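Novice:
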Amino acid sequence: MSLERYFLEISEYLLKLDKQYLEKMMDKNEFSKLSMNHMCYLEAIYELKGPTFSELAQELDVSRPSVTTMIRKLSNQDYVKRVRSNKDGREYHIYLTEKGKKIVKSEQDACKYFTDKIKKFLNESELENLSIILGKIVKNI
Numbered sequence: 001m002s003l004e005r006y007f008l009e010i011s012e013y014l015l016k017l018d019k020q021y022l023e024k025m026m027d028k029n030e031f032s033k034l035s036m037n038h039m040c041y042l043e044a045i046y047e048l049k050g051p052t053f054s055e056l057a058q059e060l061d062v063s064r065p066s067v068t069t070m071i072r073k074l075s076n077q078d079y080v081k082r083v084r085s086n087k088d089g090r091e092y093h094i095y096l097t098e099k100g101k102k103i104v105k106s107e108q109d110a111c112k113y114f115t116d117k118i119k120k121f122l123n124e125s126e127l128e129n130l131s132i133i134l135g136k137i138v139k140n141i
């Protein structure tokens with residue numbers, strides 16, 4: 001099997017796993033409204049811990065108006081909330097709501113499940129090599 005095919009298989013498996021974990025915590029109607037783009041925003045907000053609109057735009061390499069539009073959608077679905085900055089009243093920080101945190105946690109749980117599954121069939125040396133290789137990939141993409 002080619003390297004490309006292996007990556008495709010892993011990607012498909014991870015998408016299926018994410019879907020299974022998310023479907024456990026939300027109804028199908030709500031799940032159908034959640035896109036990959038939504039997930040990228042929620043994960044970035046989680047990682048940045050209360051970013052401003054500009055910080056989020058920079059992190060995701062999108063325009064500030066795109067961030068404004070998406071945050072409005074996510075806010076209407078109760079995944080995020082906007083909080084006025086204490087330092088600059090013109091600026092807002094974006095935080096995950098409890099509902100948004102559950103989505104990110106579900107994603108993390110799926111990732112942990114996948115990692116634990118890999119640890120069952122790779123030995124310590126193979127895991128170390130995999131970590132080095134994945135580190136190189138992440139650093140260069």
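The opening position of the sequence shown corresponds to residue 1 in the UniProt record's numbering, with each subsequent residue numbered one higher.
Heads up, the beta-carbon is just placed ideally off N, CA and C, and yes, glycines get one too.
Just so you know, these numbers come straight off a predicted model, no measurement behind them.
Going by Cα to Cα distance, which pick from Leu60, Ile141, Ser11 and Tyr46 is closest to Lys101?
Specialist: Tyr46
Novice: What number of angstroms, rounded off, separates the C-alpha of Glu9 from the C-alpha of Met25?
Specialist: 25 Å
Novice: Against chain C, does Phe7 count as a neighbour if the rule is that its beta carbon must be under 8 Å from one of theirs?
Specialist: Here chain C cannot be found, since the structure has a single protein chain.
Novice: Which stretch, first to last residue, makes up the alpha helix (DSSP H) that contains Arg90?
Specialist: Counting along the chain, Arg90 falls outside any alpha helix (DSSP H), and DSSP gives it neither H nor E.
Novice: Would you check if the region 120 to 137 and the region 68 to 84 touch, i.e. whether three or more CB-CB distances between them fall below 8 Å?
Specialist: Short answer: they don't touch.
Novice: Is the separation between the beta-carbon of Val104 and that of Tyr95 shorter than 8 Å?
Specialist: no
Novice: Curious, which full-length alpha helix (DSSP H) runs of at least 4 residues does the UniProt domain "HTH marR-type" (1 to 139) contain?
Specialist: Counting only runs of 4 or more, we get 3 to 25, 28 to 32, 36 to 48, 53 to 60, 64 to 76 and 98 to 121.
Novice: Please classify Pro65 as buried or exposed, where buried requires at least 16 neighbouring CB atoms within 10 angstroms.
Specialist: Exposed: under 16 other Cβ atoms inside 10 Å.
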